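Step one of this worksheet: look at the structure below.
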């Protein structure tokens, strides 16, 4: 009698890695591939996960059904937000919609793309130095393990669904062969719309940054001019210049202060402007007082 073989179902222990595949502008060739190979893959292995990246599922630039299912069904994911990549954010959005645990990572010094305080980020060093790589592997592995434990305890780490107290996440129904093409078409259409909206948002953010930088530079320039005019005032007084000429210089300082104070970009800059003017007023007041008593 033939011995019955017991069928054992394989456990899905994948960690889907969401990150740029191609090399974005400003990065060395193969940079993100090195980050994946040297940091993320090792971190996944340390935490007991099998790393999976989109280009390993299917050699294509499009998000196909098998990649989509892998993205949603993987019990864990890493999302690298170092580069403002529309595909990365789209894939993260899907993970969030289905309330799947995700570890958010980014390069040290990268501004947080989401200004939501409960979201946790794990940083890694861009330079990929040997000792730093080893440390970053450990940090990300710890984040993976901590996220897994929190999820098992019903705590939503980096979960927008939990944060917003939504009643239930999205769910993925079984998709047959006949439905695959239709589903792909819908997903790709949504992704293209999202990409367009995201690029529009990026342009607005860049314009806002340019305005901010322009105001900052102008404010710094005006502050330097104010300091120079203060030095001129001091020099006039020290050299015994006539009171009329000193008063002209002081009036010039006051006019400049009133005109430029409004362009100060931060509270700290406004404070610096005020300090210069307070100093000028004290110097001028003392000078007038001494002149009256002489």
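Residue numbers (our numbering): 9 to 302. Glycine included, every Cβ here is placed at the ideal spot set by N, Cα and C. In this text the structure is predicted, and so the values were computed from the model without any measurement.
- Message: Assuming residue 24 and residue 105 are in contact, meaning their beta carbons sit under 8 Å apart, how far apart are those beta carbons, in whole angstroms?
- Response: Actually they do not touch by this definition, with Cβ atoms about 14 Å apart.
- How about the region 24-38 and the region 87-101: do they share at least three Cβ pairs that are nearer than 8 Å? yes
- Message: Can you check which of these residues, 74, 274, 290, is closest to residue 328 by C-alpha distance?
- Response: With the chain covering 9 to 302 only, the question about residue 328 has no answer from this structure.
- Query: Ends of the alpha helix (DSSP H) at residue 100?
  - Reply: 94-105
- Item | In DSSP terms, what residue 114 is bridged to | 131
- Query: What's the call for residue 176, buried or exposed, on a 16-neighbour Cβ count within 10 Å?
  - Reply: The predicted position of residue 176 is uncertain, since its pLDDT is 49 and thus under 50; a value taken from the coordinates is nonetheless stated next. Exposed: under 16 other Cβ atoms inside 10 Å.
- Classification of residue 59 by the beta-carbon crowding that lies within 10 angstroms, buried from 16 upward: buried
- Message: With three or more C-beta pairs closer than 8 Å as the rule, is the region 148-156 touching the region 44-58?
- Response: yes
- Should residue 241 and residue 284 be called a contact, given that it needs their Cβ atoms to be closer than 7 Å? no
- Message: Between which residues of its own chain and residue 133 is the CB-CB distance below 7 Å, once the five residues before and five after are set aside?
- Response: 116, 140, 144
- Item | residue 29 in three-state terms, based on DSSP | coil
- Query: Buried or exposed: which applies to residue 230, given that a residue is buried once 16 or more other Cβ atoms fall within 10 Å of its Cβ?
  - Reply: buried
- Query: So what does DSSP say about residue 36, is it helix, strand or coil?
  - Reply: Correct three-state label for residue 36: coil.
- Cβ-Cβ distance between residue 288 and residue 238 below 7 Å: Yes. Within cutoff.
- Item | Enclosing beta strand (DSSP E) for residue 55 [first to last residue] | No beta strand (DSSP E) holds residue 55; DSSP gives it neither H nor E.
- Task: Quick one: using the 10 Å Cβ neighbour count with 16 as the cut-off for buried, is residue 91 buried or exposed?
- Result: Flag for residue 91 reads buried.
- Close-in-space but distant-in-sequence residues of the same chain around residue 20 (CB under 8 Å, 5 per side omitted): In the same chain as residue 20, and ignoring 5 residues on each side of it, the C-beta atoms closer than 8 Å to its own belong to 81, 82, 83, in chain order.
- Per DSSP, what kind of secondary structure is residue 85 in: helix, strand or coil? strand
- Query: If you check the beta carbons only, do residue 129 and residue 112 fall under 7 Å apart?
  - Reply: yes
- Message: Using C-beta distances below 8 Å, list every residue in its chain close to residue 38, excluding the 5 sequence neighbours before and after it, in chain order.
- Response: 31
- Message: Considering just the uninterrupted stretch of the alpha helix (DSSP H) at residue 159, what are its terminal residues?
- Response: 138-160
- At which residues does the alpha helix (DSSP H) containing residue 306 begin and terminate? In this structure the chain extends from 9 to 302, so residue 306 is not present and cannot be described.
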